[in-house]
Amino acid sequence: MTPMTPITGGPRSGPPSRKTSGRRPSDRRASEGRRASIDPSKLVRMDKVPHLPGSDVFNVVFVGAGNIMFGSDEGPWNHSFRFEHKLGPRLKVVALIDPNTERAHAVLAAKCATFVRSAYEATRVYKSLDEFVRDVTPALAPRVVVVGSPPMFRGTMQHGRDIELQILKAFPGVALFLEKPVATGPAAEIAECFKVAETIKASGSVCSVGYMLRYLRGVQMIKKILDENNLIVMATVARFACAYEAIAKPDWWDVAKSAGPVIEQGTHFCDLSRYFGGDVDIASVEAHALEWFEQPGHLSAQKIDESAIAPENRVPRVTAATWKYESGAVGSFMHVVALHGHDYSCELEVYADGYQFKLVNPYVQPVLYIRRPGSDSEETHRFADDDPFFSEVSNLIDVIEDIEEDPECDPILSSFEDACKTYELTWAIRLASEKSRKPVVAKRDAAPTVSS
Ligand SMILES: NC(=O)c1ccc[n+]([C@@H]2O[C@H](COP(=O)([O-])OP(=O)(O)OC[C@H]3O[C@@H](n4cnc5c(N)ncnc54)[C@H](O)[C@@H]3O)[C@@H](O)[C@H]2O)c1
6 MTPMTPITGG PRSGPPSRKT SGRRPSDRRA SEGRRASIDP SKLVRMDKVP HLPGSDVFNV
66 VFVGAGNIMF GSDEGPWNHS FRFEHKLGPR LKVVALIDPN TERAHAVLAA KCATFVRSAY
126 EATRVYKSLD EFVRDVTPAL APRVVVVGSP PMFRGTMQHG RDIELQILKA FPGVALFLEK
186 PVATGPAAEI AECFKVAETI KASGSVCSVG YMLRYLRGVQ MIKKILDENN LIVMATVARF
246 ACAYEAIAKP DWWDVAKSAG PVIEQGTHFC DLSRYFGGDV DIASVEAHAL EWFEQPGHLS
306 AQKIDESAIA PENRVPRVTA ATWKYESGAV GSFMHVVALH GHDYSCELEV YADGYQFKLV
366 NPYVQPVLYI RRPGSDSEET HRFADDDPFF SEVSNLIDVI EDIEEDPECD PILSSFEDAC
426 KTYELTWAIR LASEKSRKPV VAKRDAAPTV SS
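For what it's worth, this note's numbering labels the leading residue of the sequence shown as 6, then goes sequentially.
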């Protein structure tokens, strides 16, 4: 990065009732031993949320012009769409930063061909944050920077992989939205992630990490019942079975590039487990994996050519882990690469004295089954049109604008520090599973069905 003069704040001429100071730390309640939560009745459908009042523009910078930012067939994610709905005509995307400028121009052209044109017609494309910082004027300073670049370029203190620190240096106090996982470097760099967390916390900036499942109405319903009944979680059981046939990105299948399916994908369920179980005793993590070269690990519907990936870098088909939470509770997690088709099959169970909560299918059509004291039967709760991607964006904007007058309400549910702890857990699972595996080369030739 070149030396630069910090630019503070974007245009702010909103309604005077909004507080702009006294920001509460995003992990305030977490640091008090109780995790942040939101009243589930406040998590409403996108079309039920009115656009924020005011005529002031809300400058946003997007880092990354890929699927998470502009959508794809792979899933319901598409941050730009949620920002458009939350901010309406106030949204101005002042910059789109992506080294693949062709892709950036293509997504902007598509936006400008629609009714959201006003948010994008003046968007400038830059190859790097540096370029943008050299060009920016106070009128173009962002209120929030949304980072959806690949995690290998984030979460460290190293040049070129320290986007969070560079953003805060150029725009002190700017709000951050950062995608999960916080990084994907080697395990030895985890300590650096925590240093980034310290810097973000010390800056006082609002920072939200994209663990959107925390914003599911079903998740917040579980949280509410636990809190209202002073329950202590005894166990969490999480299962994440992806539909591998639909995963067409070659990098996903290469642990040297993606860091593996637990760190890249299962992270959502490890995070949810931590949301309910609390901090994990990392030394207690144990895990086993079914590897690609073992007989049951043969896959018949891969859409990529796995033979192009080095044998030692091919993803495990099943990873199963258990651990102790610092509270004494027990957690377990299984990631499975087995399903065909498109939809993932995911479930989370949470147990407390007298209670079983079973959250099923949170990605597609969440259903929550609850068994309570006094009955052996389960209640069923369905959450039509729940959109956690919208809820996390909507909540973030409200926190940035300090819309909520009650300081106990609507905190950010996933701070950077908390997301680092999830990252640390997923690395511990990967390392424990690798420790228990048999050497690749020894078994490789014995497996008749491998695809290499
Ligand atoms: N929360 C979710 O459910 C969810 C869903 C999808 C993706 N994600 C996360 O979002 C992130 C991006 O995933 P994706 O699917 O959009 O990937 P993608 O490959 O579709 O897009 C990434 C984009 O970033 C660009 N890029 C590369 N290096 C960059 C840099 N240094 N600065 C800026 N841009 C850079 C690439 O050119 C590409 O256009 C990942 O961390 C992924 O885990 C989260």
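We treat Cβ as the ideally placed atom computed from N, Cα and C, and that holds for glycine.
Can you tell me the Cβ-Cβ gap for residue i and residue j, rounded? I've got them flagged as a contact below 8 Å.
| i | j | result |
| --- | --- | --- |
| V247 | Y349 | The sequence as given places Cys at residue 247; Val does not occur at that position. Contact flag correct, Cβ pair sits at about 5 Å. |
| S154 | I168 | 7 Å |
| E352 | V365 | 5 Å |
| T324 | H340 | 5 Å |
Any idea which residues DSSP pairs residue i with across the strands?
| i | result |
| --- | --- |
| M339 | R244 and A325 |
| R458 | Because the chain spans 6 through 457 in this model, residue 458 falls outside it and cannot be assessed. |
| K363 | E354 and Y374 |
| L344 | A248 |
| V546 | This structure leaves residue 546 out entirely; the chain is present only between 6 and 457. |
In the structure shown, what three-state DSSP assignment does residue i receive?
| i | result |
| --- | --- |
| K132 | coil |
| S36 | Below a pLDDT of 50, predicted positions are generally treated as unreliable, and S36, at 40, falls in that range; the measurement from the model is reported next regardless. Helix at S36. |
| T142 | coil |
| F274 | helix |
| S46 | helix |
| G302 | helix |
| Q225 | helix |
| G282 | helix |
| A180 | strand |
| S213 | strand |
| V54 | coil |
| S77 | strand |
| Y220 | helix |
| K443 | coil |
Beta strand (DSSP E) containing residue i: first to last residue?
| i | result |
| --- | --- |
| R387 | E383 to R387 |
| I102 | L96 to I102 |
| L295 | E291 to L295 |
| N64 | F63 to V68 |
| Y149 | Checking the sequence, you will find Val at residue 149 rather than Tyr. Residues V149 to V152. |
At what residues does the alpha helix (DSSP H) containing residue i begin and finish?
| i | result |
| --- | --- |
| L113 | T106 to C117 |
| E184 | Neither: E184 is in no alpha helix (DSSP H) and is coded neither H nor E. |
| V398 | P393 to E406 |
| E197 | I195 to S208 |
| I434 | F421 to K440 |
| H84 | H84 to L92 |
| S123 | R122 to Y125 |
| A175 | I168 to A175 |
Using only alpha-carbon positions, find the residue among the options that is nearest to residue i.
| i | options | result |
| --- | --- | --- |
| V224 | I43, T427 and E429 | I43 |
| N318 | N64, F75, K262 and L430 | K262 |
| W328 | V320, S337 and P321 | S337 |
| V242 | K185, A326, T142 and E406 | A326 |
| I73 | V152, L353, G282 and K53 | V152 |
| L304 | Y368, G282 and V342 | V342 |
| F182 | M157, H84 and A313 | H84 |
| E331 | I375, Y280 and P301 | Y280 |
| M51 | A306, G165, L113 and H90 | H90 |
| I237 | P416, D392 and A334 | A334 |
| V211 | D407, D310 and D392 | D407 |
| G160 | P147, K308 and V187 | V187 |
| Q270 | P147, I252 and E107 | I252 |
| S438 | A313, V285 and H293 | H293 |
| R108 | V130, R95 and V98 | V130 |
| A240 | I205, V355 and F298 | V355 |
| P378 | V65, Y360, T427 and L48 | Y360 |
Does the Cβ of residue i lie closer than 6 Å to at least one heavy atom of ligand 3?
| i | result |
| --- | --- |
| P316 | This structure lacks ligand 3; the ligands present are ligand 1. |
At the 7 Å Cβ level, is residue i part of the contact set with chain D, yes or no?
| i | result |
| --- | --- |
| Q361 | Here chain D cannot be found, since the structure has a single protein chain. |
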